[in-house]
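These protein sequences, in sequence, are chains A and B. Heads up, the first sequence is in the UniProt record's numbering, so the first residue is 1 and it goes up one at a time. Heads up, the second sequence is in the UniProt record's numbering, so the first residue is 1 and it goes up one at a time. We treat Cβ as the ideally placed atom computed from N, Cα and C, and that holds for glycine.
Protein chains: 2
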Amino acid sequence: MNHHEQPWVSRRGFLRAVGVSGGAGAMLATMGALGLAPTAAAAAPPFRAPTRSDFSLTGRSGARVVILGGGVAGLAVAYELGKAGYDCTVLEARARAGGRNLTIRGGSVETDLDGHTQRARFSDGVYLNAGPGRIAQWMVTMDYCRELGVPVEVFTNANADALIYNESAGMSAPVRYRTAKADVYGYVSELLAKATDQGALDGRLTATDKERLLSFLQSFGAIGGRTAGWAYAGTTRRGFVSYPGAGNDAGEPLGAPPALSDVFASNVGRYFSFELGYDQAMLMFQPVGGMDQIPMALARAVGHHRIRLGAEVTDVTDRGREVEVTYRQGGRERLVRADYCVATLPPHLMARVPHNLGGDVTAALRGFGISAAGKIGLEYRSRWWETDQRIYGGITETDLDLAHVWYPSYGYHGRRGLIVGYYNTGANARAYSALTPAQRQERAVTQGVKIHGPKYRSELVTSYSQAWDRTRYLEGAWTSPPWGSAGYDLLLRPAGRVYFAGDWLSHEVAWQHGAFVSARTVVTALHERVMAG
Amino acid sequence: MNHHEQPWVSRRGFLRAVGVSGGAGAMLATMGALGLAPTAAAAAPPFRAPTRSDFSLTGRSGARVVILGGGVAGLAVAYELGKAGYDCTVLEARARAGGRNLTIRGGSVETDLDGHTQRARFSDGVYLNAGPGRIAQWMVTMDYCRELGVPVEVFTNANADALIYNESAGMSAPVRYRTAKADVYGYVSELLAKATDQGALDGRLTATDKERLLSFLQSFGAIGGRTAGWAYAGTTRRGFVSYPGAGNDAGEPLGAPPALSDVFASNVGRYFSFELGYDQAMLMFQPVGGMDQIPMALARAVGHHRIRLGAEVTDVTDRGREVEVTYRQGGRERLVRADYCVATLPPHLMARVPHNLGGDVTAALRGFGISAAGKIGLEYRSRWWETDQRIYGGITETDLDLAHVWYPSYGYHGRRGLIVGYYNTGANARAYSALTPAQRQERAVTQGVKIHGPKYRSELVTSYSQAWDRTRYLEGAWTSPPWGSAGYDLLLRPAGRVYFAGDWLSHEVAWQHGAFVSARTVVTALHERVMAG
Ligand SMILES: Cc1cc2nc3c(=O)[nH]c(=O)nc-3n(C[C@H](O)[C@H](O)[C@H](O)COP(=O)(O)OP(=O)(O)OC[C@H]3O[C@@H](n4cnc5c(N)ncnc54)[C@H](O)[C@@H]3O)c2cc1C
Ligand SMILES: Cc1cc2nc3c(=O)[nH]c(=O)nc-3n(C[C@H](O)[C@H](O)[C@H](O)COP(=O)(O)OP(=O)(O)OC[C@H]3O[C@@H](n4cnc5c(N)ncnc54)[C@H](O)[C@@H]3O)c2cc1C
């Protein structure tokens, strides 16, 4: 390979860079764009939905399919099979379709496993995405939004004006991301420039490398040059006391940074890698009007008559030539018969449903770790974070038990707004789950005041909290699958006429992407079986 | 100061962090929130608009004010003075108010100084912000959007999935931001960890600093630990050939990074500091539906009857007790008399208008450097950058003469869309200005194909290009003010009854913020004079 022509990334490297799973034809289209023919190294074949012509051309016909669970996986199975005319029935225990894809609005009401009933009193247009909140550009979830006509807008995963507050590091007040980044990058650049210039890295760097590295560090860290000892002494990137104005008002920059030791002691840098993650890097997106626009659009496309709500599955029996599913709805026991079944219940709940699929299936379903997560939505009567603190969306990170605080990525400049006062997991989530909704609010506000001042309490109107481990028919936020185990692999194959699907059977657990690609895989397998039958 | 209590940022430091210029009361509100009283060190007093009660309480009345130029500065002057009942007349030479705040839509037509006439043939809903495109959270421009009811949405200044393409560094294909960042941060972290661990920085770092720094670098660079020699060997942050999917599909990560020398030779890191800038850091915003929603809303608030369009100012004479302004409209010479005049024309154009304000004023007006900038809007029949390349908005950076390529931050998943095919300045802008619109399109597309492949040409529907140095009544993109000079200071004071305003009289040139704060300063000065009179 000629270095001058291909110093950095090969043509194939670029193809890899643009390749995405599930984006039908993306890879091929780009390869075409670059004038390269497809090769065996290309991505897995894109999903191809079953179509009516698959049957009309072969004389076969669609089968009856009963789908357990009306989360996005179950709905997507019904939607994709429906394209070819399969006769699908979705059984969903909760009052609404969507499963963990749950948006709370004024009037939403639910009683949790501890008997706490909450009725959300949010104002019109104010909502809480209690489960999923964001979508990465490469995710299949974006394709469903496009296909279903669900408009998307930016979800702010990172904002230079959001805050960092590490109480355990002794911070007495929060610092803005922009300030923290300027200081950490500044000192990192200073240190590396010094070491480089002093020859400490001569074993690893050529003279040309050194020159290029030093020039990068000067720009990246806004540090002084060689004569200034490469020192970091602050930069306008930190922000301003008052921003530049009219006439001779050059603004008042924040001034000199804290000492190097203090910057690293504050541990603000621990949050910087989040926005580099392949699944979290900005831009991220959300459906306009709430995440549940996705299941709502899916349910419309599937047909509401095919979705039975308040229908709790109580038994699954494979009769050899068909499947019988018993469910309870409106206090009565009912039965559905179908040619195939797709079970999308969370594995730990599916494990409790009586069935005749074998003890190994039950054991496998029990093999998933279950995580807790919680969120609280705090509705405020003013958008003080925008007007007073100039924070328009994004996430404040903290080592308090709140973990993450989200400012709304919608309704900018509106009258009211909703802050996600905590989005925590594990022990923090369980600690809040153990409280009553009123206690959760009190604790979240007390913590949040430390970061935001008294308006965090005084402007509050109402709140709603979701404890996923205490939520009926879900009992957890997501799973840790035992990838590579025999049990996991068992569930990837149908148990007779029963298939399993859900984000727990994917490598993108805790993302709708995982639920969708799992659903698609089952659809393909089931359709191939029917076509071969 | 107790180190344990105040290790990182003092309470005052936090106040500084949240302080913003112009956001009325923000600083004070936050100080209140933290229980601190205001001090002399606080930001400049917030702008207070004149009100009718200023007059009714004192028996004075508003004056007649003629405003030269209907850009956002001129409109803001009329808007703010209008709140107190001043009798304002705006004279604007162009066919529309807004000045450089110009949004091109289907039907927009304009003839430039070289006689090239372009009529935009963009589809419904497709637009080009030919001038301003973005607003930072702290800018007064956001306050005007709120006050005027102009809805805002995120403008994407940085996107991990956008591309970098440095032809001069020998790159034969673009690389995504996420990949470039992973590699640069990875190698920077490796190098600094090595140097630190080997004791090369012991003069600067305590043992505790070193430990904290090493732990930061491991997370920031996704590098190996001590036993692995702190080596950077790639990370999923680089992206995937195919992203993780269902079942056992863990995805295919992009693989090993290029060698350290190649990464720095590619010079991709030169773009990373952009998003750290105090004025460019994400989040940035734009008005929904086009930047000209701001002047449109201002014009509505001012009253269209007060704005004379196609009115070219040809003379300004201060008569001592009043000002006479001559202008040409519809081929006829007309005259306005007013108590005061506010001139917001670009300085190099104001310098050419005959006046009796003195030679020093003319000389001062001539003292501003003028910059060129250009943009082309390319409308495509499909949004291939979203479907094929999974780029939902943002900026691709290149060392081609295109400089910046912008993907649209609106209309996601729509049928059509508009790419800003170049946004360049200086010599690059002048090179494109010298071409005909058809030649500009050809050149922009030929360059863009190198980055995006043949769809960049084959999907193109139509284009419109703006050469600001060749645009009538503007003749430039923005100025370089001679801050600190006597001439600059002269223009900050009224020349008799004539005031000057515009972004060129601020420290935020090339930002509407500068135009707005300059306008506010003149409004305050003029109103104080009238109140004192
Ligand atoms: C706090 C949180 C944050 C998240 N963040 C994101 C994010 O930002 N982006 C993203 O894309 N994803 C996110 N996710 C993950 C996303 O919610 C899931 O991946 C996806 O919703 C899973 O869909 P599913 O259909 O596989 O499962 P589920 O939604 O769990 O569906 C299972 C369904 O089965 C039903 N059910 C259970 N028992 C029975 C029964 N006996 N009879 C009938 N029905 C029954 C349930 O009511 C439920 O509707 C988040 C999840 C949580 C909890
Ligand atoms: C390419 C480009 C990109 C930019 N990007 C941004 C951005 O992202 N964000 C941002 O906030 N700002 C941006 N700006 C800057 C922003 O456009 C300006 O700061 C702002 O619009 C200036 O307003 P103004 O009223 O001071 O001047 P102008 O808009 O220049 O107004 C002057 C007015 O005077 C009129 N005029 C001239 N001669 C005469 C005459 N003889 N008689 C009558 N009227 C006359 C002109 O027609 C014009 O309307 C950008 C500008 C350009 C060109």
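The residue from A:Arg366, A:Arg94, A:Leu378, A:Thr208 with its alpha-carbon nearest to that of leucine 260 (chain B) is A:Thr208. Per the coordinates, the alpha-carbon of glycine 245 (chain B) lies some 35 Å from the alpha-carbon of glutamine 286 (chain B). A direct Cα-to-Cα measurement between tyrosine 232 (chain B) and glutamate 190 (chain B) gives close to 6 Å. When the Cα atoms are used, tyrosine 177 (chain B) and glycine 133 (chain B) turn out to be separated by approximately 21 Å. Interface with chain B (8 Å Cβ-Cβ cutoff): histidine 507 (chain A) is included. Contacts with chain A at 8 Å (Cβ-Cβ) include asparagine 159 (chain B). About 6 Å separates the beta carbon of tyrosine 271 (chain A) from that of isoleucine 164 (chain A), a gap short enough to meet the 8 Å contact definition. Taking one beta carbon from each stretch, the stretch 53-61 of chain A and the stretch 263-278 of chain A have fewer than 3 pairs nearer than 8 Å; the two do not touch. Distances from the alpha-carbon of glycine 369 (chain B) to those of B:Lys375, B:Pro347, B:Gly149 put B:Pro347 closest. Interface annotation for the stretch 412-424 of chain A against chain B: Tyr412, His413, criterion Cβ-Cβ distance under 8 Å. Closest option to tryptophan 138 (chain B), judged by alpha-carbon separation, among A:Tyr243, A:Gln439, A:Gly310, A:Gly289: A:Tyr243. For the stretch 222-250 of chain A, residues whose beta-carbon sits nearer than 9 Å to a beta-carbon of chain B comprise Ala222, Thr235, Thr236, Arg237, Arg238, Gly239, Phe240, Val241, Ser242, Tyr243, Pro244, Gly245, Ala246, Gly247, Asn248, Asp249, Ala250.
One alpha carbon belongs to proline 482 (chain A), the other to tyrosine 488 (chain A), and they sit about 6 Å apart. For tryptophan 478 (chain B), the CB falls within less than 7 Å of some heavy atom of ligand 2. One thing to note: alanine 372 (chain B) has its Cβ within 8 Å of the Cβ of alanine 429 (chain B). Within the same chain, Cβ atoms closer than 6 Å to the Cβ of valine 361 (chain B) are found at Ala495, the five residues on either side in sequence being excluded. For the C-beta of alanine 444 (chain A), not a single chain B residue is nearer than 9 Å; the gap to the nearest is close to 17 Å. Ranked by how close their Cα comes to the Cα of alanine 501 (chain A), the residues B:Gly247, B:Asp87, B:Tyr432, B:Gly255 have B:Gly247 in first place.
At a cut-off of 8 Å between beta-carbon atoms, serine 168 (chain A) makes no contact with chain B.
Below the 7 Å Cβ cutoff, chain A contributes no neighbours of leucine 75 (chain B), its closest Cβ being approximately 16 Å away. If you keep only unbroken beta strand (DSSP E) runs of at least 3 residues inside the stretch 305-370 of chain B, you get 311-318, 323-329, 332-338, 340-343. Taking C-beta atoms under 8 Å as the contact rule, alanine 158 (chain B) and arginine 237 (chain B) fail to qualify, at a distance of about 15 Å. One thing to note: alanine 76 (chain A) has its Cβ within 8 Å of the Cβ of phenylalanine 516 (chain A). In the structure shown, valine 126 (chain A) adopts coil according to DSSP, grouped into three states.
Using a 10 angstroms sphere on the CB of glycine 255 (chain B), the tally of other CB atoms stays under 16, which defines it as exposed.
By the neighbour-count criterion, in which 16 or more other beta carbons inside 10 Å mark a residue as buried, arginine 332 (chain B) falls on the exposed side. In this structure, DSSP gives methionine 284 (chain B) an extended state, which the three-state scheme calls strand. In this structure valine 66 (chain B) touches valine 325 (chain B) by the C-beta definition: roughly 5 Å separates them, less than 8 Å. Annotated as proximal: leucine 349 (chain B) and tyrosine 473 (chain B), with beta-carbon spacing under 8 Å. Beta-bridge partners of glycine 394 (chain B) (DSSP): B:Tyr407. Three or more Cβ pairs closer than 8 Å define a contact, and the stretch 195-208 of chain A meets that threshold against the stretch 197-206 of chain B. Of A:Gly533, A:Trp468, A:Ala299, A:Gly367, the smallest CA-CA separation from valine 150 (chain A) is found for A:Ala299.
Chain A has no Cβ within less than 8 Å of the Cβ of tyrosine 79 (chain B). Collapsing the DSSP output to three states places tyrosine 473 (chain B) in coil. Within a 10 Å sphere around the beta-carbon of proline 174 (chain A) sit 16 or more other beta-carbons, which makes this residue buried.
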